[in-house]
Amino acid sequence: MSKIHKSFIRDERGGGAVEFALVLPFLIFMLFGVIDCGRWMWYYNMASKATQAGARVAAVTQIIPSGLAAKSFVGETVNGVVLTQGDVIPASALPTVTCSKSGGAVSCTCPSCSGLTLTPYNTTGWNSILYRMQTTYPGIGDANVTVEYRGSGVGYAGDPGGMDLSPLVTVKLQNLKFTPISSLLLAQITMPSFATTLTTEDAVGTVSN
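Residue numbers (our numbering): 3 to 211.
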């Protein structure tokens, strides 16, 4: 073997560059992973705060199923007892009413609400909730939001001050998508669902407190 060949074999110059080139993809992937963890926590926090803000608006502004707001429970039979003027309304008097918006129209359903009129639906109330949530998390759309009302045990039959029942209102946020940078923006992860529940304070307000 010639001296040139021996010198070439023993030459280690550039070895570090080769090793670095081999490790670089893993370092980049780890860096993007750290960034994605931070982004995930940021979006998770925004989604949680948006849900809380939406529930606050729902609790203090116009109730979406307006028919429920106008409902008088005087004479209604709940758990075998006929309610009279001034009686406390049990929580079981109102099963869960679920409101959503699809195709530009707001609708509310309650399979267990026998004889309870929910219409007309208050689109202004829905839009107020959604707008406040979008202020915190702009990526939220109508399809991501559900608003539920159910009995709370708070309220009096024939209340002359306004709505008989003060239901619990729950704002739910679901099906938000998160796109990791480490996936080269080719994959999406569905974020967990969020929910916040408050007791309704005002069924006729038009501006959040």
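The beta carbon of each residue, even a glycine, is placed where N, CA and C say it ideally should be.
By how many angstroms is the C-alpha of residue j removed from the C-alpha of residue i?
| i | j | result |
| --- | --- | --- |
| residue 23 | residue 36 | 21 Å |
| residue 102 | residue 53 | 15 Å |
| residue 196 | residue 21 | 46 Å |
| residue 79 | residue 105 | 37 Å |
| residue 211 | residue 132 | Here residue 211 scores only 45 on pLDDT, less than 50, and its place in the model should not be relied on; the value that follows carries that caveat. Going from the Cα of residue 211 to the Cα of residue 132 covers about 15 Å. |
| residue 121 | residue 34 | 50 Å |
| residue 173 | residue 185 | 31 Å |
| residue 45 | residue 69 | 36 Å |
| residue 201 | residue 61 | 6 Å |
| residue 95 | residue 142 | 33 Å |
| residue 87 | residue 204 | 21 Å |
| residue 109 | residue 167 | 20 Å |
| residue 49 | residue 175 | 8 Å |
| residue 90 | residue 156 | 7 Å |
| residue 169 | residue 26 | 57 Å |
| residue 74 | residue 163 | 12 Å |
| residue 212 | residue 147 | Only positions 3 to 211 of the chain appear in this structure, which leaves residue 212 out of reach. |
| residue 145 | residue 77 | 38 Å |
| residue 192 | residue 47 | 15 Å |
| residue 181 | residue 161 | 50 Å |
| residue 124 | residue 30 | 50 Å |
| residue 10 | residue 28 | With a pLDDT of 48 at residue 10, under the threshold of 50, the modelled position of this residue cannot be trusted; read the value that follows with caution. Straight-line Cα distance between these residues: approximately 30 Å. |
| residue 194 | residue 158 | 37 Å |
| residue 150 | residue 85 | 24 Å |
| residue 40 | residue 154 | 38 Å |
| residue 59 | residue 38 | 31 Å |
| residue 189 | residue 183 | 9 Å |
So, helix, strand or coil for residue i, using DSSP?
| i | result |
| --- | --- |
| residue 210 | For residue 210, the predicted model reports a pLDDT of 43, less than 50, meaning its position is unreliable and no value from the coordinates is stated. |
| residue 65 | coil |
| residue 90 | strand |
| residue 203 | coil |
| residue 10 | Residue placement at residue 10 is poorly supported in this model, since its pLDDT is 48, which falls under 50; the coordinates are not used for a value here. |
| residue 21 | helix |
Under the assumption that residue i contacts residue j (Cβ atoms under 8 Å), give the Cβ distance between them as a whole number of angstroms.
| i | j | result |
| --- | --- | --- |
| residue 99 | residue 152 | 7 Å |
| residue 138 | residue 55 | 5 Å |
| residue 65 | residue 127 | 6 Å |
| residue 92 | residue 81 | 6 Å |
### Within the stretch 145-201, ranges of the beta strand (DSSP E) (whole runs, at least 3 residues)
With a minimum length of 3 residues, the continuous beta strand (DSSP E) runs that stay inside the stretch 145-201 are 147-152, 170-175 and 196-201.
### Message
Extract the residue ranges of the alpha helix (DSSP H) inside the stretch 69-148, only unbroken runs of 4 or more that lie entirely within it.
### Response
125-138
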